[in-house]
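Colleague: Mind having a look at this structure? Questions to follow.
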Amino acid sequence: MKITVLPGDGIGPEVTAEAVRVLRAVAANHGHRFEFVERPIGGVAIKQTGSPLPPLTLDTCLASDAVLLGAVGAPEYDSLPTNLRPEAGLLLLRRALGGFANLRPAISYDSIAEKSPLRSEIASGADILIVRELLGGLYFGEPRGFFGSNGDSAARNTLSYSVVEIERVARVAFEAARKRRRKVTSVDKANVLETSQLWRQTVSRVALDYPEVTLEHLYVDACAMHLITTPLRFDVILTENLFGDILSDEAAAITGSLGMLPSASIGGAVSLYEPVHGSAPDIAGRAVANPFGAIASAAMMLRYSARLEREADEIEEAIRVVLKAGYRTPDIASGKSRYVAKTSEIGQLVCDAVDELAEMRHAYHAV
Ligand code: IPM
Ligand code: MN
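Quick note, the numbering used here runs 145 ahead of the 1-based positions in the sequence shown.
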């Protein structure tokens, strides 16, 4: 498998390095060949080439089997126009790769459940999959921009969705729910927005093809509240681009840290894997970044792009093992942590756990 690695800005390089380390360990244990090519994106790409998504970066991604991204964004670019900022590179890349369904699992791990601001009887056991529509809505709608008499006395963005865009992401959510607890919560603002009314109708129609899956509709404001009061009621949450962006950060808080969440953008020509957290410039370069989200994104890459289900399970199990053993980055540390580890130490510990799991499996098959 040819993997393009886009470390990006802030803590991106630190966390992707650990994800790559774990992928190398898995490859060695199971005799797979993963080739890694690194390219710039975001702020570092602007610095090197003037563009947040240089043509060589995009071409390399399009010619690979999967893309692993760290994060983009740096405060020094905050004053640039939207289309020249680091984030523009990511949005162009998402659109070019075509992954319209962004899967964001939010799992409450028992060993760090006390890091959630929610009481453990509320949050413990939460296991939510957010399916966020990634290529439509306000992020990409035209017309957009500043206008008015002085060119900046007003601004506008456009929210539009087609039936086709809604249908295809809804199918991904129902297919996922089928293999989980068979419930889809579709989130919209149908009491106010026409796009949401179309969303609701279309999702209801797709649901007819999945009689074994229960569908409920929830307004986004109510969903924001239910996530905090009763996270256990959710299995799969299906929603549009901006709602999904907001609700996934909220869901991350339930698990204890934004650093834990992975994501996969699937359905396009090449799938894109990235932790949900951002570039976190305030902690960059200090070896304190949480690499679990990036490592779990690598597991999703093996599951969805390489169809290596067993190896993906192994990485996810290794994450649990390391957490259970008490190793923590500062964002998930507490009185119970045995050891507050550096980013690279966590990566190495996950590799050790992955090695051990593979060894156990081989020994089991040998008898
Ligand atoms: C995310 C991020 C991005 C988004 C930004 C960096 C453009 O917040 O992946 O959730 O809004 O989609
Ligand atoms: Mn976000």
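For every residue, glycine included, the Cβ atom is placed at its ideal position computed from N, Cα and C.
Just so it is clear, the structure is predicted and the values come from calculations on it, not from any experiment.
I'd like to know whether the C-beta atoms of Pro436 and Gly401 end up nearer to each other than 9 angstroms.
Modeller: no
Colleague: For Ala211, which residues from the same chain have a beta carbon less than 6 angstroms from its beta carbon, with the 5 sequence-adjacent residues on both sides left out?
Modeller: Once the five neighbours on either side are set aside, the close Cβ partners of Ala211 are Ile148, Ser416, Met446 and Ser450.
Colleague: When the Cα atoms are used, what is the spatial distance from Ala439 to Leu207?
Modeller: 21 angstroms
Colleague: Given this structure, state the Cα-to-Cα distance separating Ala396 from Val421, to the nearest angstrom.
Modeller: 11 angstroms
Colleague: His362: buried (16+ other C-beta within 10 angstroms of its C-beta) or exposed?
Modeller: buried
Colleague: Going straight from the alpha carbon of Arg465 to that of Gly471, what length do you get?
Modeller: 10 angstroms
Colleague: When burial is assigned at 16 or more other CB atoms within 10 Å of the CB, is Pro185 buried or exposed?
Modeller: buried
Colleague: Among the residues of its own chain, which have a CB less than 6 angstroms from the CB of Arg345, if the five just before and after it don't count?
Modeller: Same-chain partners within the cutoff: Asp333, Ala335 and His362.
Colleague: Would you say the beta carbon of Val332 is closer than 8 angstroms to some non-hydrogen atom of ligand 2?
Modeller: no
Colleague: For ligand 1, is there any heavy atom lying closer than 8 angstroms to the beta carbon of Tyr222?
Modeller: no
Colleague: Could you round the C-beta distance between Met290 and Glu310 to whole angstroms and report it? I think they count as a contact, below 8 angstroms.
Modeller: According to the sequence provided, residue 290 is Gly. The question's Met does not apply to it. So it is not a contact: roughly 22 angstroms between Cβ atoms.
Colleague: Rounded to the nearest angstrom, what separates Thr202 and Leu235 at their Cα positions?
Modeller: 11 angstroms
Colleague: Could you give the first and the last residue of the continuous beta strand (DSSP E) run that contains Asp333?
Modeller: Secondary structure note for Asp333: its beta strand (DSSP E) is the uninterrupted segment Lys328 to Asp333.
Colleague: If you draw a straight line from the C-alpha of Val217 to the C-alpha of Leu403, how long is it?
Modeller: 15 angstroms
Colleague: Taking the DSSP output, what are the residues bridged to Arg301?
Modeller: Gly290
Colleague: Can you find a heavy atom of ligand 1 that lies under 8 angstroms from the Cβ of Ala284?
Modeller: It should be pointed out that residue 284 corresponds to Tyr in this sequence rather than to Ala. Yes; taking the cut-off as 8 angstroms, the Cβ of Tyr284 has a heavy atom of ligand 1 nearer than that.
Colleague: Would you list the residues sitting across from Arg473 in a DSSP beta bridge?
Modeller: DSSP lists Val485 as partners of Arg473.
Colleague: Are Asp242 and Leu198 closer than 9 angstroms when you measure CB to CB?
Modeller: The sequence shown places Leu at residue 242, not Asp. No; because the gap between Cβ atoms is not below 9 angstroms, this pair is not in contact.
Colleague: Along the chain, where does the alpha helix (DSSP H) that runs through Tyr135 open and close?
Modeller: Since the first and last residues shown for the chain are 146 and 512, residue 135 lies out of range.
Colleague: State the CB to CB distance for the pair Asn174 and Arg277, rounded to an integer number of angstroms; the pair is presumed to be in contact (CB under 8 angstroms).
Modeller: Not a contact, Cβ separation roughly 33 angstroms.
Colleague: So the candidates are Pro426, Leu360 and Ile267; which of them puts its Cα closest to the Cα of Met370?
Modeller: Ile267
Colleague: Give the list of continuous alpha helix (DSSP H) stretches no shorter than 4 residues that lie fully inside the region 330-392.
Modeller: Counting whole runs of 4 or more residues, the region 330-392 contains the alpha helix (DSSP H) stretches 339-352 and 365-374.
Colleague: What did DSSP end up calling Gly244 once you bin it into helix, strand or coil?
Modeller: If DSSP states are grouped into helix, strand and coil, Gly244 belongs with coil.
Colleague: Ends of the alpha helix (DSSP H) at Ile513?
Modeller: The structure shown does not extend to residue 513, since the chain is modelled only from 146 to 512, so the question has no answer here.
Colleague: List the DSSP bridge partners of Leu403.
Modeller: Answer is none; Leu403 lacks a bridge partner.
Colleague: Under the criterion of a Cβ to heavy atom distance below 8 angstroms, does Glu501 qualify as lining ligand 1?
Modeller: It does not: the Cβ of Glu501 is nowhere closer than 8 angstroms to a heavy atom of ligand 1.
Colleague: Please state whether the Cβ-Cβ distance between Ala444 and Val467 is less than 9 angstroms.
Modeller: no
Colleague: Please work out which residues of its chain come closer than 6 angstroms, Cβ to Cβ, to Tyr418, disregarding the five sequence neighbours upstream and downstream, and give them in chain order.
Modeller: Leu213, Ala409, Ser442, Met445 and Met446
Colleague: With a cut-off of 5 angstroms, give the chain-ordered residues whose Cβ is closer than this to any heavy atom of ligand 1.
Modeller: Glu232 and Asp390
Colleague: Anyone know if the C-beta pair for Val317 and Leu248 falls short of 9 angstroms?
Modeller: yes
Colleague: If we count the other Cβ atoms within 10 Å of its Cβ and call it buried at 16 or more, is Pro356 buried or exposed?
Modeller: exposed
Colleague: For Glu221, does the three-state DSSP call read helix, strand or coil?
Modeller: helix
Colleague: Report the partner residues of Val160 according to the DSSP bridge assignment.
Modeller: Under DSSP, Val160 forms no beta bridge with any residue.
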